[in-house]
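**Student:** Just dropping this structure here.
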Amino acid sequence: MSRLYSYVVVRDYGFAPNPFSGSCTLATCKPKIRAKASVGDWVIGVGAVSTGRSGNLIYAMKVSEVLTFDDYWSDPRFLVKRPVLNGSLKRAYGDNIYHRKGGFWIQEDSHHSLVGGRVNMENQKRDVSADRVLIADEFYYFGDHDVPVPAVARKQGRHDLCRPGRGHRVNIPNTLRDSFITWLTGNYTPGIHGQPAQWKGAF
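If you're matching positions, the sequence shown starts at 0 in numbering that gives the first Met the number 0 and goes up one per residue.
Printed below as a string of structure tokens:
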């Protein structure tokens, strides 16, 4: 039986998750989800109260593949997800940023680095604590497009698919999981439906 992981997306830059170039990938942040999620599981992100997006669905992805960072870095399919900071916004927020050289982690100059490309050790330590990248061929990315979580997943003015604040939820009742997936796949086609909310003024 597949599981559904859910969490609050506080920062929506198209980096985590990265929905571009034909697949949705989760390669940074949320190490506990990346450590446990398997092929066939769903991962969803909902809006944060702090951004005024509480109750909105930011994205949903059905995991189709799991790779290590080194495999993700070297896979020809995902070279386009290596960051190019002076490129388009899609390329600037590429999430293919980790690989090992001589047994040591390399963090490419990226959204998770410090100014000047210096390694952000705090981000690196968190990110590589789970050497797994989640990849989805079937995904629904809404970004700044307002898509309220359906009423079936709400209770007393809040959504029950996700716990508030940090952390994530995975012990979601099967009936709620199934009704949510039925609603999502019955009302939307896979793909990108909006742009990252925080692209406005990003550069």
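Idealized CB from N, CA, C, for every residue including glycine. These figures come from a predicted structure and were not determined experimentally.
Using alpha carbons as the reference points, say which of W198, G185, Q194, E137 lies closest to I43.
**Tutor:** For the purposes of this step, residue 43 is identified with residue 44 of the sequence shown, where counting begins at 1. Nearest option by C-alpha distance: E137.
**Student:** Tell me which same chain residues have a C-beta within less than 6 Å of the C-beta of H110, skipping the five on either side of it?
**Tutor:** The sequence position of residue 110 within the sequence shown is 111, counting from 1. Excluding residues within five positions, the ones whose Cβ falls inside 6 Å are F14, Y92.
**Student:** According to DSSP, is K29 part of a helix, a strand, or is it coil?
**Tutor:** The residue given as residue 29 occupies position 30 in the sequence shown. Residue state, collapsed to three classes: coil.
**Student:** Just confirm the distance between the C-beta atoms of P30 and M60, as a whole number of angstroms; I'd bet it's less than 8 Å.
**Tutor:** Your numbering for residue 30 matches position 31 in the sequence shown. Your numbering for residue 60 matches position 61 in the sequence shown. Wrong, their Cβ atoms sit about 16 Å apart, outside the cutoff.
**Student:** Alpha carbon to alpha carbon, how far is L133 from R33?
**Tutor:** Residue 133 sits at position 134 when you count from the first residue of the sequence shown. Residue 33 sits at position 34 when you count from the first residue of the sequence shown. Using only the alpha carbons, I get a separation of about 6 Å.
**Student:** Secondary structure at N170, three-state DSSP: helix, strand or coil?
**Tutor:** The sequence position of residue 170 within the sequence shown is 171, counting from 1. It is coil, neither helix nor strand.
**Student:** Could you tell me whether the region 3-11 touches the region 35-51, where touching means 3 or more Cβ pairs closer than 8 Å?
**Tutor:** yes
**Student:** Buried or exposed for T27, please, with buried defined as at least 16 other CB atoms from any protein chain shown within 10 angstroms of its CB.
**Tutor:** Numbered from 1 along the sequence shown, position 28 holds the residue referred to as residue 27. Flag for T27 reads buried.
**Student:** Among residues of its own chain, excluding the 5 on either side of S128, which ones have a beta-carbon nearer than 6 Å to its beta-carbon?
**Tutor:** On the sequence shown, residue 128 is found 129 positions in, with the first residue counted as 1. Result list for S128: P30, in chain order.
**Student:** Kindly list the residues whose CB is nearer than 7 Å to the CB of P18, restricted to its own chain and excluding five residues on each side of it in sequence; keep chain order.
**Tutor:** Looking up residue 18 in the sequence shown gives position 19. Excluding sequence neighbours, P18 sits near Y58, F138, Y140, I191.
**Student:** So what's R157 in DSSP terms, helix, strand or just coil?
**Tutor:** For the purposes of this step, residue 157 is identified with residue 158 of the sequence shown, where counting begins at 1. With a pLDDT of 46 at R157, under the threshold of 50, the predicted position of this residue should be treated as unreliable, though the coordinate-derived value follows. Here DSSP, grouped into helix, strand and coil, assigns R157 to strand.
**Student:** Spatial neighbours of Q197 within its chain, please: C-beta separation below 6 Å, excluding the five flanking residues on both sides.
**Tutor:** Along the sequence shown, one-based indexing puts residue 197 at 198. Counting only Cβ-Cβ distances below 6 Å, and skipping sequence neighbours, we find D11, Y12.
**Student:** Comparing C-alpha positions only, which one of G116, L25, L113 sits nearest to F77?
**Tutor:** To locate residue 77, count along the sequence shown from 1; it is residue 78. Among G116, L25, L113, the Cα nearest to that of F77 is on L25.
**Student:** When you compare only the Cα positions, how much space is there between I96 and L3?
**Tutor:** What you label residue 96 is simply residue 97 of the sequence shown in a count that begins at 1. What you label residue 3 is simply residue 4 of the sequence shown in a count that begins at 1. Here the C-alpha atom of I96 lies approximately 26 Å from the C-alpha atom of L3.
**Student:** Which residue marks the beginning of the alpha helix (DSSP H) containing L66, and which one marks its end?
**Tutor:** Counted from its first residue, the sequence shown places residue 66 at position 67. Counting along the chain, L66 falls outside any alpha helix (DSSP H), though it belongs to the beta strand (DSSP E) covering 64-66.
**Student:** Buried or exposed for N203, please, with buried defined as at least 16 other CB atoms from any protein chain shown within 10 angstroms of its CB.
**Tutor:** Absent from the model: residue 203. The displayed extent of the chain is 0 to 202, so no value can be given.
**Student:** Could you have a look at L133 and say whether DSSP puts it in helix, strand or coil?
**Tutor:** To locate residue 133, count along the sequence shown from 1; it is residue 134. If DSSP states are grouped into helix, strand and coil, L133 belongs with the strands.
**Student:** Identify every residue that forms a DSSP beta bridge with F103.
**Tutor:** Along the sequence shown, one-based indexing puts residue 103 at 104. According to DSSP, F103 bridges with K100.
**Student:** My output table needs one value for S5: the three-state DSSP class, helix, strand or coil.
**Tutor:** Mapped onto the sequence shown, residue 5 falls at position 6. S5 falls in the strand class under three-state DSSP.
**Student:** When you compare the CB positions of G51 and V148, do they come within less than 8 Å of one another, or not?
**Tutor:** Start at 1 with the first residue of the sequence shown, and residue 51 comes out as number 52. Start at 1 with the first residue of the sequence shown, and residue 148 comes out as number 149. Result no, Cβ atoms of G51 and V148 do not sit closer than 8 Å.
**Student:** Between I105 and T174, what straight-line distance do the alpha-carbon atoms span, to the nearest angstrom?
**Tutor:** On the sequence shown, residue 105 is found 106 positions in, with the first residue counted as 1. On the sequence shown, residue 174 is found 175 positions in, with the first residue counted as 1. Whole-angstrom Cα-Cα distance: 43 Å.
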